[in-house]
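Below: the structure, in structure tokens.
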Amino acid sequence: RTGSRSHTLPPHPALSMADDDVEADSSAPNDKEPNATHAPGGPLSRALHEAVLLGQPAPDLAAALEASGEEPEGAERFWAASANLFGLAAPRGAGGGGLRAVPRNTSRAEALLRNAVESEQALRACPDCAALWGFGFLHGVFAAPGDDATVARLGRAHSLALPAAAYAAAADQGGSLGRLAWGQLRARGVLAAQHARAAGAEPPPAAEAALPELWGGVPAGEEALSEPSAPGHGMARRACLEGLDVVMPVAAAAIEHQGTGVPQPVDLDFLKGMRHEDRQNFALATQLASDGVADGMAAKAEMLFYGRDHVVPGGLDGAASDRSFTAPALAAGAALIFVLFAVPRCARCCVAGFRRRPGCSGLERRAERNEHGGSAQAAPTAAGDEPNGRTQVILTFALRFLAVAALVLLWSWVGPGGEALGPLQRDSEAAVDLFEEAASAGHWGSAYALAMIKLDGPNRSEALPYLRQVIEHGDEAAQALARYFQHRYGLGVPQDAQLAGQFLQEAADLGEANAAVLLAEVHTQSAAAAAPEVVPPEGERSPEAALELFRMGAQAGRLPLRYNVAVLLLRSLTGPPEEMPLETCLEVRAELEAVATDLDPTVRLLFAHALRAWELGDKEGALLIFMLLSEAGSEKAHRSAAYIWQGQGFGARQPASEASVPEPSANAAPAPPEPGEVAAGAEEAEAEAEVCAEEEEPAKDAATFHFVHSGKFCCPTGDCSAPGWLLNEGGVPPVECARICGAMPSCSFMTVYPSTGYCQLSSSCTAWNAAADATAMTYDVRRPAAPARRCSSKEEAKPRAPGEPSPAPRGPADASRPSRRRQPWCLPGANGTGATSALRCAAVYAARMAGAPVAGSTPEAIRAEAEASALTAAALLEQLGMPGIAHAWSCYAGDYLMSEQGEISCARLEAESWDGHPRNLTAAARQLQDLAEPGGVGAAAAYGSLAVIAVRFALATAAACQLRASGVQCPGFEAALAEWGGHELPVDRQHFERVVMGALVASAAAVLGAVCLAGASVCRACRRLRRG
1 RTGSRSHTLP
11 PHPALSMADD
21 DVEADSSAPN
31 DKEPNATHAP
41 GGPLSRALHE
51 AVLLGQPAPD
61 LAAALEASGE
71 EPEGAERFWA
81 ASANLFGLAA
91 PRGAGGGGLR
101 AVPRNTSRAE
111 ALLRNAVESE
121 QALRACPDCA
131 ALWGFGFLHG
141 VFAAPGDDAT
151 VARLGRAHSL
161 ALPAAAYAAA
171 ADQGGSLGRL
181 AWGQLRARGV
191 LAAQHARAAG
201 AEPPPAAEAA
211 LPELWGGVPA
221 GEEALSEPSA
231 PGHGMARRAC
241 LEGLDVVMPV
251 AAAAIEHQGT
261 GVPQPVDLDF
271 LKGMRHEDRQ
281 NFALATQLAS
291 DGVADGMAAK
301 AEMLFYGRDH
311 VVPGGLDGAA
321 SDRSFTAPAL
331 AAGAALIFVL
341 FAVPRCARCC
351 VAGFRRRPGC
361 SGLERRAERN
371 EHGGSAQAAP
381 TAAGDEPNGR
391 TQVILTFALR
401 FLAVAALVLL
411 WSWVGPGGEA
421 LGPLQRDSEA
431 AVDLFEEAAS
441 AGHWGSAYAL
451 AMIKLDGPNR
461 SEALPYLRQV
471 IEHGDEAAQA
481 LARYFQHRYG
491 LGVPQDAQLA
501 GQFLQEAADL
511 GEANAAVLLA
521 EVHTQSAAAA
531 APEVVPPEGE
541 RSPEAALELF
551 RMGAQAGRLP
561 LRYNVAVLLL
571 RSLTGPPEEM
581 PLETCLEVRA
591 ELEAVATDLD
601 PTVRLLFAHA
611 LRAWELGDKE
621 GALLIFMLLS
631 EAGSEKAHRS
641 AAYIWQGQGF
651 GARQPASEAS
661 VPEPSANAAP
671 APPEPGEVAA
681 GAEEAEAEAE
691 VCAEEEEPAK
701 DAATFHFVHS
711 GKFCCPTGDC
721 SAPGWLLNEG
731 GVPPVECARI
741 CGAMPSCSFM
751 TVYPSTGYCQ
761 LSSSCTAWNA
771 AADATAMTYD
781 VRRPAAPARR
791 CSSKEEAKPR
801 APGEPSPAPR
811 GPADASRPSR
821 RRQPWCLPGA
831 NGTGATSALR
841 CAAVYAARMA
851 GAPVAGSTPE
861 AIRAEAEASA
871 LTAAALLEQL
881 GMPGIAHAWS
891 CYAGDYLMSE
901 QGEISCARLE
911 AESWDGHPRN
921 LTAAARQLQD
931 LAEPGGVGAA
941 AAYGSLAVIA
951 VRFALATAAA
961 CQLRASGVQC
971 PGFEAALAEW
981 GGHELPVDRQ
991 HFERVVMGAL
1001 VASAAAVLGA
1011 VCLAGASVCR
1021 ACRRLRRG
């Protein structure tokens, strides 16, 4: 309703929350205040704030970076490293449109950050520098530090991989970004499972049910929780408490710095939809207001009062586009217009020249007429030599079409460009004028808005006539709230705290969010307050009532209210924190994470620069920042990163060829496999490595790859129909295939298919066979003799029973080799990040959002976003040829997120096969039929999926059928039905053969009819040509 946000509510109650409210076990203690990375003290941090606060013209970011010095101190070092790692987009009019004012310089960024992971003193000075380094190392940008580095020692002491150790070190020193990232790992959700897969370690206990193929897969269900009644998100009570313990101080500090002026984060997909809606609403409201319609005046007044982004002409820099009319543009346009008029003459000349007849020149035509007695008619021609008028018409049309296309293209290049849409600046005076005009026309919503504005002003009595208009014409909730203000302030009636409380309660019961917030504040005020203006209807203040009212107000997404909900829940605890119910812990953590990831100044500034980079065309820089914020648990960053990966598809920088399969460096061990692409053999090698440690060998003994054949592949067993490969998978880039082979001691031959992304590994090569893909390349993998092994103890050498968890790693494997650098994964612009890798990365970030706990004050909104992300992840995985994980995410969306589309997709994928799951056509058909029984839109989708499965089965089975004189015979029907798992379906061979025969007859009739129609059309055309 218009004006529903115009009243400025009192500040949220000062509900302080000490760091020791929850004393959960954590290796990142919360005894330090969050580090002030956001403080704009240096030239670069000030320039970064000005770039998002002041818009255009933006400050000279390159000059600010240079002014920060070679060795900036404290938070300035963090922002300097961020600028070098992500780059800073150039403003419009100064080389914008994808160019960067500060180009990416990863070497400089690594030099700035390395001290924070090697020296404790540097870590204390810039805690979040360690978190930023951990992000860079995770994605293969930075190299590992030495064994004596602070982060390496921390990792060995607590069995942490280097990225996790960096996050923990930053959290321990009070870095807000490090605390948020460390909290995500402590919570043991999807993100933590992905990190575990990236490090080659076992997943956390709460994520053991996660599928390994997609770097963490899907979160576990209820069986992984300590309480069967708790919501299923793979998060036990201790994991929740540990995550909560880390995020609490960040949220407490963020709520105190919410008024920084930096825009609040918003995900890209929502931003585009909101801007489109705002443009339409403003255009419609402006038109209606100009026509004198009260609703239009009120709507335009509200937009003017609050301001809007990208609504009116004028881009980010407030100026029009650089394109304008120029003399060359005018000359080219005039020339094209002349060509349009000259086209018929040109066509006549071309036809006449083709016929070798005069007609292009006027003198020739006059001479011919004089030769034939001056007749106005054309000279007679020989039979068959008459110019064809139809040809001339067609040629005229084609030439005119090409001329118009050229004119449009030229106009788009050099013509005057339309102005970009810029922000609608706030204009409270114009808004008040429009509100008053609409209120005078009887619009009670405008009267309500004016009443709220006047109540915030110096003279509250000016609100009385507008309150009376609301009471006379408004709805019930607005009437009750207007009466509350009257009795609270004594406007036209005696001041009465009791009546004010009653009317406020009535408005809250009717669903007025502002009334709920005001009443909640009444319940949280001290009972000793002198002469209260409002008294609760019951006469006593109740924290329980305040909690429910704050929840009601927080449903609109008001972050301070969500913070109050979390604090009141913590204050309501009667026992020790360790006994906090899991549902309560999930709700508190969801509220505090929303506050921390939206209001923390560091996160907000990073998010604002990600949006700025996106606006200015630097999509790679925007994606990198979103990926960093995704590590911190920002749900908006999850969605934005998935959105860019899915829609952008960054192409590879070099063609996939022999050069794209590098030999491992002579002084570095192979990097661990990319998350989600660890083959079974690689996992066995990792398990073996955990039992027996190899003797130290020189780096020169690394495996080498030698080219053998092109266009051929290996058949290890000698029988190419049953080759017995160690690995035969698609979607594996050549560099990853080489890395996986290097990690397998039994891998001796490798065949890569750069065009399709297939990878085949084998232990021998008994026979060769020609590959259908001509890009196939086979390499001989040569290794030194196996080194001697030593087992640390008999207990460790003992084989593990099936299902028994592996022993904890003895330290980060990355720290043992200082020169080791991870293979880049999900890194925009890196070699190998083609369309397949982009979709894979989109699925990774969609999975993070899909695994978000459905808890807090906005569960339905979170559920809807998680459902959309889960379905997106499932669709991407199915597209990538991973039906097993797609099935898991679809079933997760259907079972836990109550998605009808997820249930249909889950049932449909039962008919697919993957490792350990044969096709089950019977289950798929029965489940889809059950889903279609209630009717509605879901029934149509279920029947459609069932039809698609039936057609696929029919096509696969009919391929082996034979057409004979007696009809169609399908001898392999029973075998195909058993292979598809449809043996319990009511269908037999005879019925199927009749269906196939009917389909053949119908197809033949359709083809014959099409041929007859085409022949008739050709005959008619021939007759016309003969007559013409």
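Counting in full-length UniProt numbering, the sequence shown runs from 1 upward without gaps.
C-beta atoms are modelled at their ideal positions from N, C-alpha and C, and glycine is treated no differently.
Nothing here was measured: the structure is a model prediction, and the numbers come from that model.
Distance check for residue j and residue i, CA to CA, integer angstroms please.
i: tyrosine 892; j: glutamate 984; result: 27 Å
i: arginine 604; j: valine 262; result: 7 Å
i: alanine 81; j: arginine 108; result: 7 Å
i: glycine 935; j: isoleucine 949; result: 20 Å
i: tyrosine 753; j: lysine 712; result: 10 Å
i: alanine 868; j: glycine 42; result: 42 Å
i: alanine 451; j: alanine 861; result: 31 Å
i: arginine 1023; j: leucine 1008; result: 23 Å
i: alanine 930; j: methionine 898; result: Before going on, a small fix: residue 930 reads as aspartate here, not alanine. When rounded, the distance between both Cα atoms is 16 Å.
i: serine 665; j: alanine 866; result: With a pLDDT of 31 at serine 665, under the threshold of 50, the predicted position of this residue should be treated as unreliable, though the coordinate-derived value follows. Roughly 42 Å separates the two Cα atoms.
i: histidine 991; j: serine 837; result: 45 Å
i: glycine 155; j: alanine 130; result: 13 Å
i: alanine 1005; j: alanine 334; result: 56 Å
i: alanine 771; j: glycine 136; result: 39 Å
i: aspartate 509; j: leucine 271; result: 32 Å
Please go through the same chain and pick out, in chain order, the residues whose beta-carbon is closer than 6 Å to the beta-carbon of residue i, but skip the five residues on each side of it.
i: glutamate 663; result: Low confidence applies to glutamate 663: its pLDDT is 28, below 50, so where it sits in the model is not reliable, and the reading given next is rough at best. Once the five neighbours on either side are set aside, the close Cβ partners of glutamate 663 are Thr704, Phe705.
i: asparagine 496; result: One point to set straight first is that residue 496 is aspartate, not asparagine, in the sequence displayed. Here the set comprises His487.
i: isoleucine 625; result: Phe86, Leu606, Ala610
i: asparagine 920; result: Glu910, Gly981
i: arginine 782; result: Thr704
i: leucine 61; result: Ala47, Leu88, Ala101, Val102
i: aspartate 267; result: Lys636, Arg639, Ser640
i: glutamate 912; result: Pro883
Considering only DSSP beta bridges, list what residue i is partnered with.
i: methionine 750; result: Leu761, Tyr779
i: cysteine 715; result: Ala767
i: valine 968; result: Leu963
i: threonine 704; result: Arg782
i: histidine 917; result: Trp914
i: leucine 399; result: In the DSSP output, where bridge partners are listed per residue, leucine 399 has none listed.
i: histidine 709; result: Thr778
i: alanine 622; result: According to DSSP, alanine 622 bridges with nothing at all.
i: arginine 114; result: According to DSSP, arginine 114 bridges with nothing at all.
The alpha helix (DSSP H) spanning residue i covers which residue range?
i: arginine 104; result: No alpha helix (DSSP H) contains arginine 104, which DSSP labels as neither H nor E.
i: proline 601; result: 601–615
i: threonine 836; result: 835–850
i: glutamine 990; result: 989–1027
i: alanine 566; result: 559–571
i: valine 151; result: 150–158
i: asparagine 84; result: 75–86
i: glutamate 900; result: 900–908
i: glycine 944; result: 937–958
i: tryptophan 889; result: 883–895
Looking only at its chain, what residues have a beta carbon closer than 7 Å to the beta carbon of residue i, apart from the 5 residues adjacent to it on each side?
i: glutamine 505; result: Leu519, Pro537
i: glutamate 591; result: Arg562, Tyr563, Val565, Ala566, Gly856, Ser857
i: alanine 285; result: Gly296, Ala299, Lys300, Met303
i: arginine 848; result: Val190, Leu191, Ser630, His638
i: asparagine 769; result: Lys712, Phe713, Cys715, Cys720
Just curious, the beta strand (DSSP E) that residue i is in, first and last residue?
i: leucine 727; result: 727–729
Using a Cβ-Cβ cut-off of 8 Å (strictly less than) and excluding sequence neighbours within five positions of residue i, which residues of its own chain qualify?
i: serine 793; result: Here serine 793 scores only 38 on pLDDT, less than 50, and its place in the model should not be relied on; the value that follows carries that caveat. Within the same chain, serine 793 has no close Cβ partners at all.
i: residue 1039; result: Nothing can be reported for residue 1039: it is not among the residues displayed for the chain, which extend from 1 to 1028.
Would you grab the beta carbon distance between residue i and residue j for me? Rounded to a whole angstrom, and I think it's under 8 Å.
i: leucine 89; j: aspartate 618; result: Sequence inspection shows alanine at residue 89; the leucine mentioned does not correspond to that position. Right, their Cβ atoms sit about 4 Å apart.
i: glutamine 760; j: threonine 751; result: 4 Å
i: cysteine 585; j: arginine 237; result: 6 Å
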